[in-house]
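The structure appears right after this line, and notes come after that.
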DNA sequence: AAAGACTTGACAAATTTTGGACAATTTAAG
DNA sequence: CTTAAATTGTCCAAAATTTGTCAAGTCTTT
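Residue numbers (UniProt numbering), protein chains in the order written: chain W, 1 to 90; chain C, 1 to 90.
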């Protein structure tokens, strides 16, 4: 979800994978995977991306975290219940 | 949260740490930590515990998962927003 | 056919997480 | 005081996850 979002931003700004990768100081192949949710963005990347694309950091961070969460619960039963329970205990 | 719950069950059933640890085939020191949320129960432990204390597996599993979730998001901003977003994307 | 943009898979390296063991200490009860 | 129960701290090994890098591949455009 953060991946697709970044990709959309990148494309609508006519930025090449290779260019954005350079700004994030990572391999282009890696960024390609990140945008397709095959790998994860690092926490620090989010700040850089927010600046580059002038997005509210909060939005990107929330998406990034949500991804992280979904990753840890994937393939478990009662995911929704657990998420609700988690919210109640934050 | 699963920890405190197990502890409550254990005590109300007059079971000693050492005894429950034996049933779970783990070190008593470890179980002590687990009940105090210093360490985590393994996924398999949940099934055993549900049987031992005759609890609905779903309840324990949900708590266990919620703990796991909270662990991954702890110390991050926008946790609630992320959890909500995660729910919407399950 | 050549070039540019992106994807894919495989592999090694690095890092993190986890688990278990033990000894020492503390707490509570008798 | 003595014993039993539980906690704490630390160390270590194994396992699991994450990362980075590369070479080769696809697809599209010129």
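The C-beta atom is built at its ideal place from N, Cα and C for all residues, glycine as well.
Asked                                                                                                          : Found
Residue 65 of chain C versus residue 7 of chain C - alpha carbon distance                                      : 17 Å
Same chain, Cβ closer than 8 Å to residue 56 of chain C, neighbours up to 5 away in sequence not counted       : 50
Residue 42 of chain C to residue 61 of chain C span [Cα, whole Å]                                              : 11 Å
Below-8 Å beta-carbon distance, residue 42 of chain W vs any chain C residue                                   : no
Under 8 Å by beta carbon: chain C residues contacting residue 9 of chain W                                     : By Cβ distance, chain C contributes nothing, its closest Cβ being about 18 Å from residue 9 of chain W, past 8 Å.
Alpha carbon of residue 80 of chain C to alpha carbon of residue 77 of chain W, nearest angstrom               : 21 Å
Local Cβ density within 10 Å of residue 14 of chain C, reported as buried at 16 or more and exposed below that : exposed
Bounding residues of the alpha helix (DSSP H) (the contiguous stretch that carries residue 71 of chain C)      : 57-73
Unbroken alpha helix (DSSP H) run spanning residue 32 of chain W, endpoints                                    : 28-35
Under the three-state DSSP convention, the category residue 10 of chain W falls into                           : helix
Any chain W beta carbon closer than 8 Å to residue 69 of chain C                                               : yes
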